[in-house]
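Note sheet for the following structure.
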Amino acid sequence: MQRIFILSAIFLLTISAEKCNEKKKDSDMVYKGRLEIKAICMNYTVKLLEGNIDTAKIVSNWTDETTKKTYSNVFALENPCNFPATIKQGEDFYFVIDTAIAAPCAVCMAWYPIPAKKLAIKIINK
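Residue numbers (my numbering): 356 to 481.
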């Protein structure tokens with residue numbers, strides 16, 4: 356009986372240690388961003404303010420062709436229909452990377468420059 360207890364305790368400690376050492380997935384991390392550009396037809400540009408997103412997923416330096424203004428650590432929205440209309444240009448917000456399969460999203464075809472890299476995000480309250 357005592358052996359079973361000891362083996363169970365060792366097993367639980369091993370499992371707990373593995374969970375502590377697991378690296379958080381992108382979808383578990385909370386980031387802070389700012390809506391830098393809220394352009395026509397949901398051509399939105401978001402700047403990463405806090406958190407570490409893989410640099411392969413965002414653009415480190417990007418210049419808006421229309422205004423000639425340069426932005427750092429930005430991305431376009433992959434799922435603009437899920438972005439709350441209440442968030443204004445220049446406003447900060449918290450988000451997670453959304454790994455769910457996006458529903459079809461119909462947007463108008465008017466064009467405004469956006470960064471080459473896109474991320475699907477989900478806004479959260481913090």
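Every residue, glycine too, gets a C-beta built ideally from N, C-alpha and C.
Check this for me: beta carbons of residue i and residue j, under 9 Å apart or not?
i    : j    : result
A465 : N416 : no
A431 : K472 : yes
L487 : I413 : Beyond the ends of the chain as shown, which are 356 and 481, falls residue 487; an answer cannot be given.
A394 : Y467 : yes
G388 : I476 : yes
I479 : F450 : yes
Sort the options by Cα distance to residue i and report the nearest one.
i    : options          : result
V429 : P468, T400, N480 : T400
D383 : T454, V462, D419 : T454
A457 : I408, T425, C436 : C436
C408 : G445, K443, V385 : Looking at the sequence provided, one finds Ile at residue 408 rather than Cys. Looking at the Cα atoms, V385 is the closest of the given residues.
F438 : K423, T421, I452 : I452
G445 : E433, N434, Y426 : Y426
Quick one: measure Cβ to Cβ for residue i and residue j, integer angstroms, because I've assumed they're closer than 8 Å.
i    : j    : result
C463 : C396 : 4 Å
I442 : L390 : 5 Å
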